[in-house]
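So, in structure tokens, the structure goes:
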């Protein structure tokens, strides 16, 4: 009797199991049955989405084409051998409102590069003209201001230095001009550099789908806080393959503050040369892991030398935050800004140490003079220091160029403009920003001081 009961129970269990496996999938939803709501990103997105905008731009790309010497005979002596062409373009991108009261929007430099008209569309459909406050091509960040905009929604900043691989990430933007789109994923890697996408690279890598038009859009965490600005994708034909990159929000914040204060980025310089820390180098210098930046040389009279850094040091943290690569060190230092004090954690002779450096301002090493002033077209300029003499040296002058006609010669050192001294290209650029009608250049030539007047 007992054996028969067990057989009956086994048959009933088998029948019940077969019945459950044939039920539709929707029947196995305990949360829905209990009347509870399912997990969703919708409540967070309803709060954050109004802070992400679509950007459309119009402009023209200027290209120059030089007519070969053999063809100039056909055009006559007055013909300009260098022809300028303008090609109109239109582009789409995304942006993020970071200050609702003042109408400030952050986006990528490459989204607005060359644009003479910038139109921003809000999540609710309103449209505003935007003014470019400033941008930085080397870090690919631009700051816009919306004209006469009200009732805006701004986004809250997170601390991107606290991110970890595996954290959830949500990308919001305007891919392909379709309208606002949301994708989700995780943070796949941190401190990515060496991708040749930008000049200063310290990217957050994510597998949240990022496509053309997402540039300048928001990468947020589950709290709806901004952790990065989407900037690039890695894939064939510019399509998403699960590898996208964003600029960390801490870098973006530093750059935006500099643009607001100075109208440009005043890049900080530490004054070290080096590279990635290999396992062999780490072992040779008594360091257990290969995370950090190896210092091979300290530039004389630099912030690094004054702070006491030495060749052979391994820099492992910046302001208490660990760094993984030399590229990450370079990007963080450059975007902190000139004049900022930075605490560097280092390993020397196997021992930990902390030093403080006050960053110096970077100056452009070389420049095409025509980017500074049209009258200097044809000259190539570079910073120059020799003994007590500092200024801007003319590295080369094209024959029959405008600069040559005004009397500039290779080897000239410009030490003054009108009544102001010129110590480097940074000084020279600032003084030319006022667009003086007359340029009285104080030039040192063959050891003698002279003036060249350019009208």
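In full-length UniProt numbering, the protein residues as written are 1 to 455. The beta carbon of each residue, even a glycine, is placed where N, CA and C say it ideally should be. Note that this is a predicted model, so its numbers are computed, not measured.
Would you kindly report the start and end of the unbroken beta strand (DSSP E) that includes residue 395? To locate residue 395, count along the chain shown from 1; it is residue 395. Where residue 395 is concerned, the enclosing beta strand (DSSP E) stretches over 389-397.
Three-way DSSP call (helix, strand, coil) for residue 406 in this model: For the purposes of this step, residue 406 is taken as residue 406 along the chain shown, with counting starting at 1. In this structure, residue 406 counts as coil in the three-state DSSP scheme.
Please confirm if the stretch 242-254 is in contact with the stretch 270-287, defined as three or more CB-CB distances below 8 Å between the two stretches. no
If you measure between the beta carbons of residue 158 and residue 105, is that distance less than 9 Å? Locating residue 158 in the chain shown gives position 158, where the first residue counts as 1. Locating residue 105 in the chain shown gives position 105, where the first residue counts as 1. Cβ atoms of residue 158 and residue 105: not closer than 9 Å.
What first and last residue would you give for the alpha helix (DSSP H) that runs through residue 429? As a first step, residue 429 is located in the chain shown; it is residue number 429 there, counting from the start. Where residue 429 is concerned, the enclosing alpha helix (DSSP H) stretches over 425-432.
Are the CB atoms of residue 53 and residue 123 nearer to each other than 9 Å? Sequence index remark: in the chain shown, residue 53 carries index 53 (1-based). Sequence index remark: in the chain shown, residue 123 carries index 123 (1-based). Taking 9 Å as the Cβ cut-off, residue 53 and residue 123 qualify as a contacting pair.
Spatial neighbours of residue 438 within its chain, please: C-beta separation below 6 Å, excluding the five flanking residues on both sides. Working through the chain shown from its first residue, we reach residue 438 at position 438. Hits under 6 Å: 455.
Residue 335 by DSSP, collapsed to three states: which one? Reading the chain shown from its first residue, position 335 is the one you call residue 335. Reduced to three states, the DSSP call for residue 335 is helix.
Residue 128 - partner residues in DSSP beta bridges: Stepping through the chain shown from its first residue, residue 128 is reached at position 128. Residue 128 is bridged to 120.
Considering only residues of the stretch 262-292, which uninterrupted beta strand (DSSP E) runs meet the minimum length of 3 residues and lie entirely inside it, listed in chain order? 272-276
In whole angstroms, give me the CA-to-CA distance for residue 443 and residue 267. Within the chain shown, numbered from 1, the residue matching residue 443 stands at position 443. Within the chain shown, numbered from 1, the residue matching residue 267 stands at position 267. In a straight line, the C-alpha of residue 443 is about 28 Å away from that of residue 267.
Host beta strand (DSSP E) of residue 306 (start-end): Your numbering for residue 306 matches position 306 in the chain shown. No beta strand (DSSP E) contains residue 306, which is instead part of the alpha helix (DSSP H) from 303-307.
Reference residue 47, options 172, 232, 378, 423, closest by Cα: Residue numbering aside, residue 47 sits at position 47 when the chain shown is read from its first letter. Minimum Cα distance to residue 47 is reached at 172.
Taking residue 139 as the reference, give the member of 328, 176, 88 with the closest Cα. Within the chain shown, residue 139 is the residue found at index 139, counting from 1. Checking every option, the nearest Cα to that of residue 139 belongs to 328.
Ends of the beta strand (DSSP E) at residue 50? Taking the chain shown and counting its residues from 1, the one referred to as residue 50 is at position 50. Residue 50 -> no beta strand (DSSP E), and no H or E assigned at all.
In whole angstroms, what is the alpha-carbon distance linking residue 446 and residue 409? Against the chain shown, residue 446 aligns to sequence position 446. Against the chain shown, residue 409 aligns to sequence position 409. Spanning the two alpha carbons is a distance of roughly 11 Å.
By how many angstroms is the C-alpha of residue 112 removed from the C-alpha of residue 264? Indexing the chain shown from 1 puts residue 264 at position 264. Indexing the chain shown from 1 puts residue 112 at position 112. If you take the alpha carbons of residue 264 and residue 112, they lie about 15 Å apart.
Looking at C-alpha atoms only, which residue of 200, 433, 323, 227 is the closest neighbour of residue 292? For the purposes of this step, residue 292 is identified with residue 292 of the chain shown, where counting begins at 1. Checked all of 200, 433, 323, 227; the closest Cα to residue 292 is 323.
Using the Cβ count rule (16 or more neighbours within 10 Å means buried), how would you classify residue 178? For the purposes of this step, residue 178 is taken as residue 178 along the chain shown, with counting starting at 1. Per the 10 Å Cβ criterion, exposed.
So what does DSSP say about residue 180, is it helix, strand or coil? Taking the first residue of the chain shown as position 1, residue 180 is located at position 180. In the structure shown, residue 180 sits in coil (DSSP, three-state: anything other than H, G, I, E or B).
Comparing C-alpha positions only, which one of 55, 432, 214 sits nearest to residue 125? Working through the chain shown from its first residue, we reach residue 125 at position 125. Selected option, being the one with the closest Cα: 55.
Taking its Cβ as the centre, do 16 or more other Cβ atoms sit within 10 Å of residue 326, making it buried, or is it exposed? Locating residue 326 in the chain shown gives position 326, counting from the first residue. Buried, because 16 or more other Cβ atoms sit within 10 Å of the Cβ of residue 326.
Classify residue 394: buried if its beta carbon has 16 or more other beta carbons within 10 angstroms, exposed otherwise. Looking up residue 394 in the chain shown gives position 394. Classification for residue 394: buried.
Within 8 Å, do at least three Cβ pairs link the stretch 129-148 to the stretch 181-190? no
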